[in-house]
Each structure stands twice: as C-alpha cells, then as structure tokens.
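Letter by letter, the sequence shown follows residues 2 to 233 in the working numbering.
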Amino acid sequence: MERTDYDLWTDYVTAIFERRRANTETILELACGTGNIAIRLSERGYSCTGLDISESMLTLAGEKASAKGLSIPFILQDMGSLDYNRKTDAVLCLCDGINYITDKSEAGELFGKVSSIISPDGVFIFDISSEYKLSTVLGNNIFAENKPEVSYIWENFYDNRKKLIEMFLTFFGKEGELYSKHEEVHLQRAYGTAELDKMLRQAGFGKIKIYETLTFKEPVKESERITFVCEL
C-alpha cells in the first residue's frame with residue numbers, strides 16, 4: 002500500500018490546465034478529503050473550494066489551510082446530491098472519488114450537475130480505479146504487510162455481476178509497547194471507460210479525453226488508474 006504523492010497529483014492537474022487554451026482560475030474539488038490537493042493548488046495561485054461528506058476530514062482540512070495562511074472554503078456536503086450554484090472554471094474529483102458512487106444513475110446525475118456549473122470553456126477532471134484493477138488486481142485477493150510502526154491486512158471481495166468490490170482493511174499501529182487496531186470498510190463500483198464516456202456525453206460533455214493517470218498516454222487494458230478530462 003503506497004502513500005499518495007499529492008505533489009505529483011498537483012503537478013499533473015496543473016499540467017492538464019496548462020495544455021488547455023482556456024484560463025483556469027476557480028476550482029471546485031469534490032471529495033476533497035483533508036484538503037491535500039486543494040491546499041497545494043491554492044498555494045499555486047488558484048482559487049479553490051473543497052467539498053466532502055466527512056466533517057472530521059473537513060475540520061482537518063481547514064486547520065491545515067489556516068496553518069499555511071490560506072483561506073479556502075470547505076463545504077460539508079455529499080457530492081452525490083451536489084448543491085452548488087456558482088460557475089467555476091474547473092471541477093475535480095480525484096483519487097477514486099467516482100468509484101465510491103456505487104449507483105450508476107447517481108453518477109450520471111452528478112455528471113449532469115457538474116456540466117451545469119462549469120464555465121463554457123471549463124473542464125471536469127476525475128480519475129477512477131479501472132475495472133481491470135478492481136476486478137483482477139484487487140479482485141478476491143488478500144494483501145498484508147508488516148512494518149515496524151504499522152501493519153495491515155487488506156481483504157477484497159469482488160462481485161462480478163454487480164461490479165462492486167468490498168474492501169476490508171485492518172491496521173495495527175504501534176503505540177509505545179502496544180499496538181492499536183483500526184478497521185475500515187470501503188465499497189466501490191467498477192466503471193468501464195466506454196460506459197463512463199457514454200454517461201458523460203449524455204450529461205452534456207462533448208469533448209472527452211481519456212488518459213492513463215499521471216500521463217498523457219491512452220490507457221491500455223492493464224491500466225490500473227484512468228483519468229478523464231471533460232469539456233462541454
């Protein structure tokens with residue numbers, strides 16, 4: 002289990018902006034978590050707003066932004082029922098956010114709402130863990146790692162009919178001479194690229210580019226993470 006390199010992700014998003022002719026100033030980040038990317042983009046001069054369903058994550062995001070002298074609005078809201086009426090130059094949803102929308106119709110509704118709030122020359126950027134990754138790499142496999150400070154067990158159960166994967170993670174962190182136990186359960190849906198392309202076009206996006214994440218190459222069958230760059 003690798004740590005997310007948020008500097009690398011921020012570089013990638015910025016590179017996507019720079020490849021476009023349109024000017025990007027305002028950004029809404031969906032499923033922003035603890036604000037790692039929103040904060041980094043704000044430090045680069047963008048005007049960012051973050052939105053997430055977790056109050057505890059947003060509290061931490063606000064603390065981190067304040068510590069850096071940044072004023073970033075963070076909104077407590079489920080992106081599945083997005084209620085945001087200000088036009089914005091870019092909407093982001095990174096690090097598997099779309100996979101967590103397990104109802105296909107709900108994802109389609111979100112795409113429609115995003116298309117209504119981005120500016121005419123705006124862009125919607127999101128990534129997914131690919132169907133190949135969820136069904137084959139993770140599949141019904143178990144992963145485990147034992148390190149001096151933390152160990153984990155990661156169990157996966159993939160339902161091929163429903164295209165849903167349940168992930169059960171158990172962490173053991175060292176605290177003095179003892180270890181604490183922390184458990185997480187995640188549920189994600191596997192979306193195909195053609196499936197998402199159709200949904201996005203139905204939502205009003207006319208220009209869609211699909212890349213292997215963190216590159217500008219076309220994805221291949223074994224690509225584990227895929228990025229969509231969508232314009233009206």
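Glycine included, every Cβ here is placed at the ideal spot set by N, Cα and C.
In this text, all values refer to a predicted model and were calculated from it rather than measured experimentally.
Span of the beta strand (DSSP E), counted from its first residue to its last, around residue i
i	result
A91	T89 to C94
V230	R226 to E232
E146	I143 to N147
V51	Looking at the sequence provided, one finds Gly at residue 51 rather than Val. Per DSSP, G51 belongs to the beta strand (DSSP E) from S48 to D53.
D12	No beta strand (DSSP E) contains D12, which is instead part of the alpha helix (DSSP H) from Y7 to R20.
T171	L165 to E176
Within 9 Å, strictly: CB atoms of residue i and residue j
i	j	result
A62	A39	yes
L9	I28	no
H183	G174	yes
F75	T103	no
L26	L52	First, the residue type needs correcting, since residue 26 is Glu and not Leu in the sequence shown. Going by C-beta atoms, E26 is not nearer than 9 Å to L52.
I166	L201	no
Residue i to residue j span [Cα, whole Å]
i	j	result
G1	G205	Because the chain spans 2 through 233 in this model, residue 1 falls outside it and cannot be assessed.
C231	G98	16 Å
S115	K148	As written in the sequence, residue 115 is Val, which differs from the Ser given in the question. If I take the Cα positions, the gap works out to 42 Å.
K69	T5	20 Å
V151	Y180	9 Å
E185	G177	23 Å
F127	C96	8 Å
K208	F125	10 Å
S136	G81	24 Å
W155	A23	42 Å
Candidates the options: closest to residue i by CA position
i	options	result
E225	H187, Y212 and K182	Y212
S130	G177, Q189, V115 and N141	Q189
L93	N86, S82 and F112	F112
G193	M80, K105, T171 and D6	K105
L170	E146, T214, T60 and F217	E146
Y101	K69, K65, K164 and S67	K164
N141	N161, D128 and T15	N161
F144	V124, F172 and I119	F172
D84	S181, I154 and I54	I54
E132	G109, S152, A195 and D79	A195
L233	E223, S120, A66 and R21	S120
Cβ-based burial, residue i [other Cβ within 10 Å; buried from 16]
i	result
Y13	buried
L77	exposed
A91	buried
T60	exposed
G36	buried
F229	buried
T216	exposed
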